Each structure stands twice: as structure tokens, then as C-alpha cells.
Amino acid sequence: MTTKRRRTARHLGSYGDADVEGEVLRTDALLDALARRELVGGADAAIRLLGALVVDVDSQRLSSVSITPST
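Given below as C-alpha cells:
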């Protein structure tokens, strides 16, 4: 079940251009997918870069760094 988030004041007004509204919605969907750690693909280099960055950051969290305090 998907819930609609409240929009900021920037999103409350109309852009006056349906193409721009559509782009904003597609960008929101893409960012939401990245936040859910879903694989995103496409020909756009920026999208591939963001996807690779998410994978890189997640793999760094799993590195073998000791968090045991030294005595």
C-alpha cells in the first residue's frame, strides 16, 4: 500500500506545464526507489551513478571494522 506524502510549499503550486509536473513525479519515484534500495536502471548516467553510489555506501557499512572499544 502506497501513501501519498505531503508536498512542500514548492510543490503545492502549479508549474503551469504538464511536462514539468510529470518530470517531478518521475524524479520523486526514482528517488523513492533508490531509498528502498531497489535496482534502478536506464540510459541516464546520473541515475546509474546514484544507483552505484547506494550500492557502494551499503557495502561500506558491512565492512569488517571493529567497533569494540580498546582498553
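Residue numbers (the numbering used here): 117 to 187. C-beta atoms are modelled at their ideal positions from N, C-alpha and C, and glycine is treated no differently. This one's a predicted model, so the numbers in the text were calculated from it and none came from an experiment.
Please state if the CB of residue 147 and the CB of residue 167 are separated by a distance shorter than 8 angstroms.
The count along the sequence shown starts at 1 and reaches residue 167 at position 51. The count along the sequence shown starts at 1 and reaches residue 147 at position 31. It is not a contact, given that the beta carbons lie outside the stated cut-off.
Short check: CB of residue 170 to CB of residue 153, under 8 angstroms?
Walking along the sequence shown from the start, residue 170 turns up at place 54. Walking along the sequence shown from the start, residue 153 turns up at place 37. Result yes, Cβ atoms of residue 170 and residue 153 sit closer than 8 angstroms.
Through-space distance from residue 142 to residue 134, alpha-carbon basis:
As a first step, residue 134 must be located in the sequence shown, where it is residue number 18. As a first step, residue 142 must be located in the sequence shown, where it is residue number 26. Between the alpha carbons of residue 134 and residue 142 lies a gap of roughly 12 angstroms.
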